[in-house]
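First to last, the sequence lines map onto chains P and S. Under the working numbering, the first residue of the first sequence carries the number -8, and numbering increases by one thereafter. Under the working numbering, the first residue of the second sequence carries the number -8, and numbering increases by one thereafter. C-beta: ideal position from N, C-alpha, C; glycine also.
There are 2 protein chains.
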Amino acid sequence: MSRPALRLSMLCAALLLTPAFAADPPPPPTTQALLDASQAADWRTPDPDNLLYIDLDAGRVVVELAPRFAPAHVGNIRTLARQRFWDGQTIYRSHDNFVVQFGANVEDGAAAPPLGDALAQLPAEFERPADGLAFHRLPDPDGWAPEAGFADGMPAARDPDKGLAWMAHCYGVLGAGRGMAADSSNGTELYVVIGQAPRQLDRNITQVGRVLQGMELLSALPRGSGPLGFYEDASQATPIRSIRLASTVPEAERTPLQVLRTDTPLFDAVVESRRNRRDTWYLHPAGHIDLCNVPVPVRTPPRG
Amino acid sequence: MSRPALRLSMLCAALLLTPAFAADPPPPPTTQALLDASQAADWRTPDPDNLLYIDLDAGRVVVELAPRFAPAHVGNIRTLARQRFWDGQTIYRSHDNFVVQFGANVEDGAAAPPLGDALAQLPAEFERPADGLAFHRLPDPDGWAPEAGFADGMPAARDPDKGLAWMAHCYGVLGAGRGMAADSSNGTELYVVIGQAPRQLDRNITQVGRVLQGMELLSALPRGSGPLGFYEDASQATPIRSIRLASTVPEAERTPLQVLRTDTPLFDAVVESRRNRRDTWYLHPAGHIDLCNVPVPVRTPPRG
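Given below as structure tokens:
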């Protein structure tokens, strides 16, 4: 909306030019100022057994898996990744404002790779008991669920009356495609949300993780012109070089990253800085934030 | 999430295999069934003076302008389009999960085209009086505003206490970029939302219309690697062949289309069919819809 120069001057204005009358309370910090002042303990380093590297010709997509939401699916996905099940498969669907989908596309008549040690059949994991899951609730109401917030760094929802929690379909969430039967997903076919949060899918399909880095390699893929965004010509599909668990990748080839913890006072302050934007460009602070508008910053670990 | 074959069988199951016990009420119709049964009066043909054709090498983006929300900006945009102000300019920003932006990018040192009869300075048009605007309210609450719904086919919000209405930043909405001053937009620089609805921008910037067709030509553009999604290399920008008002384009070159009216019982039924998905794939109807999840179907006019 504004030029970089304007954005910079905006930041400078917020940081430098605020009138410093003694009686004024200090202005609430911006998101960037909060992150700049963060401590090491505000960040976490994901377990490499929970990181999936999707390597494409254009670069790497890093996904964090959510084993406490979908233990059976995540277990199967780990097995499949160790077997390099997806290497040489494709991203064969790009549906505008909805999802990209990838895996062993058997529509074109090719045989799917063998499942090996992976299971062909898994239980549906649409929701889980709320008990035993630390849930960090957002201050605002959510239209789709009694409560919205974060758990294990994942956007999530909770129904205290029913004692259930589930992952929420936000931008960048990874899910396991299924057919008509609830338990027809086994993690071989996966999708990532690239549009307005399709929260109607919540509790209807198993979600398995969230993209931490490289979303633009998925979200900017040309849309498929066939029904539901499938490519009509197989040559339009994007080849997958490999999908591997970070824990199986040599150290030197790993992507070092840290994720902002979502259960800290700093995170609450970040949420508030987005609920009510204080940079001087904003004239009307919203006083509200939707779960899927909350950023969860990722960074390269600082040296030392 | 599912293969086309599965989707088709889902539809067939919903349409054909529902047990037909005499005592059962008929199942609520799906969105597609509702559209298939629509009448001519359920559709409207936009005024060609309100249609902007953005012609790119890859095809045409069709935008409907919203003169009752931003009369001064829409007036200026019509003047600029008649003068072919944007022809030969570029889409010079693609910010993942946020916006693409285009117009006369003067960052690279080139002179902006002359404004001609267009005005350099316009009033901010962030909101308008609610009076005099037919507002078709959605059934569900909205976190960002007291009321959400549609007006003139645009996603909109309303505050009855303050007597104000405004357009909502949903996927595909077109806005007028501005600098720090509220009244610093004049319609020469425009942006389109390509990600999760940035509703925090509501009432902070002037919105001027909505993309009806061709969103995928904008949303799938490679993201800019510079700050805020600006392209670092001007060669990455997407050339704009022309931006014209449909009313100035010869009939034979126009794109015939109709838009579903948003103030009819049929539209209410479509909204309900999305609030509670009845196709058999869905096991848990959401019972809720967000303003920016409501589709407003567009079609090629039927023959005859």
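Beta-carbon neighbours of residue i, restricted to chain S and to distances below 9 Å
| i | result |
| --- | --- |
| histidine 64 of chain P | Result: empty, since nearest Cβ-Cβ is about 14 Å, beyond 9 Å. |
| alanine 173 of chain P | Leu274 |
| serine 210 of chain P | Asp87, Asn88, Ile185, Gly186, Ser210, Ala211 and Arg214 |
Beta carbon proximity, residue i to chain S, threshold 8 Å
| i | result |
| --- | --- |
| methionine 158 of chain P | no |
| tryptophan 298 of chain P | Coverage of chain P is limited to positions -8 through 295, which leaves residue 298 of chain P absent and any answer about it impossible. |
| asparagine 67 of chain P | no |
| glutamate 207 of chain P | yes |
| aspartate 281 of chain P | yes |
Any C-beta of chain P under 8 Å from that of residue i
| i | result |
| --- | --- |
| proline 39 of chain S | no |
| glutamine 80 of chain S | no |
| aspartate 48 of chain S | no |
| serine 145 of chain S | For the record, residue 145 of chain S in the displayed sequence is methionine; it is not serine. It does not; no Cβ of chain P falls within 8 Å. |
| asparagine 297 of chain S | In the structure as shown, chain S starts at -8 and stops at 295, and residue 297 of chain S therefore has no counterpart that could be examined. |
| phenylalanine 131 of chain S | Here residue 131 of chain S turns out to be aspartate, not phenylalanine, going by the sequence shown. It does; some Cβ of chain P falls within 8 Å. |
| phenylalanine 12 of chain S | Residue confidence is low: phenylalanine 12 of chain S scores 44 on pLDDT, short of 50, so the model does not pin down where it sits. Its coordinate-derived value is still stated next. No - not a single Cβ of chain P is within 8 Å of the one on phenylalanine 12 of chain S. |
Within chain S, the residues that residue i reaches when beta carbons sit closer than 7 Å
| i | result |
| --- | --- |
| tyrosine 162 of chain P | Asn88, Gly186 and Gln187 |
| glutamate 55 of chain P | Residues of chain S passing the Cβ test: none, with the nearest at roughly 17 Å. |
Per-residue contacts from residue i into chain P (C-beta, under 7 Å)
| i | result |
| --- | --- |
| asparagine 195 of chain S | Tyr273, Leu274 and His275 |
| arginine 268 of chain S | Gln191 |
DSSP-derived helix/strand/coil call for residue i
| i | result |
| --- | --- |
| threonine 229 of chain P | strand |
| phenylalanine 258 of chain P | helix |
| proline 37 of chain P | coil |
| histidine 279 of chain P | coil |
| histidine 306 of chain P | Here chain P comprises residues numbered -8 to 295, so residue 306 of chain P is not present and cannot be evaluated. |
| phenylalanine 12 of chain S | Low confidence applies to phenylalanine 12 of chain S: its pLDDT is 44, below 50, so where it sits in the model is not reliable enough to give any reading. |
| arginine 73 of chain S | helix |
| glycine 66 of chain P | helix |
| glutamine 23 of chain S | helix |
| glutamate 242 of chain S | helix |
| glycine 154 of chain P | coil |
| proline 292 of chain S | coil |
| arginine 149 of chain P | strand |
| leucine 248 of chain P | coil |
| arginine 194 of chain S | coil |
| glycine 220 of chain P | helix |
| serine 85 of chain S | strand |
Neighbouring residues, chain P, relative to residue i (Cβ below 8 Å)
| i | result |
| --- | --- |
| glutamine 198 of chain S | Near glutamine 198 of chain S there are no residues of chain P at all, since even the closest Cβ is about 11 Å away, more than 8 Å. |
Local Cβ density within 10 Å of residue i, reported as buried at 16 or more and exposed below that
| i | result |
| --- | --- |
| aspartate 281 of chain P | buried |
| serine 85 of chain P | buried |
| arginine 235 of chain P | buried |
| aspartate 311 of chain S | No answer is possible for residue 311 of chain S: the residues shown for chain S start at -8 and end at 295. |
| arginine 294 of chain P | exposed |
| glutamine 30 of chain P | exposed |
| leucine 274 of chain S | exposed |
| serine 264 of chain P | buried |
| alanine 72 of chain S | buried |
| methionine 111 of chain S | The residue asked about is misnamed: residue 111 of chain S is alanine in this sequence, not methionine. Flag for alanine 111 of chain S reads exposed. |
| alanine 243 of chain P | exposed |
| asparagine 41 of chain P | buried |
| proline 146 of chain S | buried |
| serine 210 of chain P | buried |
Segment contact, 8 Å Cβ cut-off, at least three pairs: the segment 131 to 139 of chain P with the segment 46 to 62 of chain P: no
I want to know whether the segment 16 to 29 of chain S touches the segment 253 to 270 of chain S - three or more CB-CB distances under 8 Å. yes
Would you be able to state if there are at least three C-beta pairs under 8 Å between the segment 189 to 202 of chain S and the segment 219 to 232 of chain P? no
If you pair each beta-carbon of the segment 153 to 170 of chain S with each one of the segment 55 to 66 of chain S, do three or more pairs fall below 8 Å? yes
Please determine if the segment 197 to 217 of chain P and the segment 59 to 68 of chain P are in contact, where contact requires at least 3 C-beta pairs separated by less than 8 Å. yes
Is the segment 236 to 249 of chain P touching the segment 185 to 192 of chain P in the sense that three or more CB pairs, one from each, lie closer than 8 Å? no
How do the segment 113 to 120 of chain S and the segment 166 to 180 of chain S stand: do at least 3 beta-carbon pairs fall below 8 Å, yes or no? yes
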